[in-house]
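J.: So that we are looking at the same thing, I have put the structure below in structure tokens.
There are 2 protein chains.
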Amino acid sequence: MEIHEFQEMMKRLYFKRDSERGVNGTFNWLVDEVAELGEELKGTDPLATEKEFADVIAWLASLANIMGIDLEKAALAKYPSKCPKCQSSPCACTF
Amino acid sequence: MEIHEFQEMMKRLYFKRDSERGVNGTFNWLVDEVAELGEELKGTDPLATEKEFADVIAWLASLANIMGIDLEKAALAKYPSKCPKCQSSPCACTF
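Protein chains in written order, with the working numbering: chain A, 79 to 173; chain B, 79 to 173.
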């Protein structure tokens with residue numbers, strides 16, 4: 079599934095609720111989901127870890143929806159198949 | 079671009095460095111990028127905000143790469159075009 083299709087799916091599912099919650103509340107949910115992912119990374123349950131990855135990209139898409147940002151366009155504008163710093167693929171940055 | 083294609087692109091660009099940094103270091107970078115996104119959400123520069131969205135999905139993909147997790151499969155397993163809690167589209171959860 080394309081990134082923009084996933085974002086549109088999240089919009090169909092959650093846009094009304096996301097809009098009502100607003101940017102700050104939705105960002106706070108994203109932060110909570112990232113923290114939950116961090117906890118699962120310490121564990122030994124691959125399925126639980128996968129679910130937390132799913133939640134992080136889902137809340138990121140929700141946040142992009144209420145900001146009116148196209149996550150796919152944003153991602154490819156910054157990462158057009160080369161490193162944005164050294165312009166190489168693979169990255170050859172020396173830092 | 080499909081989610082898995084974006085993840086594969088990030089793997090081509092950064093897998094060697096991501097692997098050397100490891101799970102904890104890469105998760106910490108993800109947390110930092112989420113914090114930077116939070117700062118930009120308070121601002122008035124749409125392009126800067128888009129770049130922070132790009133960085134969050136990029137670092138999430140990097141983390142998935144070193145965990146051996148397919149972000150697209152994980153996302154669609156949890157969000158198969160319906161809410162995982164109420165099974166409806168749009169979500170009709172009453173909480």
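Think of the CB as a built atom: it goes at the ideal place given N, C-alpha and C, for glycine as much as any other residue.
#1: Rounded to whole angstroms, how far is the Cβ of B/L138 from the Cβ of A/I144, which I believe are closer than 8 Å?
#2: Quick check on the burial criterion: 16 or more other C-beta atoms within 10 angstroms. Buried or exposed for A/A126?
#3: Within the chosen definition, does the stretch 86 to 97 of chain A reach the stretch 154 to 173 of chain B through at least 3 CB pairs nearer than 8 Å?
#4: Does B/K120 come within less than 7 Å of chain A when only Cβ atoms are used?
#5: For A/G100, which of B/A142, B/K120 and B/T172 has the nearest alpha-carbon?
#6: Please compile the residues from chain A whose C-beta is within a distance smaller than 7 Å of the C-beta of B/T127.
#7: Note down, in chain order, every chain B residue with its Cβ under 7 Å from the Cβ of A/F105.
#8: Measuring straight from C-alpha to C-alpha, what distance separates B/D133 and A/T122?
#9: I'd like the list of long-range same chain contacts for A/Y130, defined as Cβ closer than 6 Å, with 5 residues on each side in sequence excluded.
T.: On the basis of the coordinates in this document:
#1: That belief does not hold up - the Cβ atoms of B/L138 and A/I144 are roughly 19 Å apart, past 8 Å.
#2: exposed
#3: yes
#4: no
#5: B/K120
#6: M145 and I147
#7: G116 and L119
#8: 27 Å
#9: In the sequence as presented, Tyr is not what sits at residue 130 of chain A; that position holds Glu. Result list for A/E130: E114, L115 and E118, in chain order.
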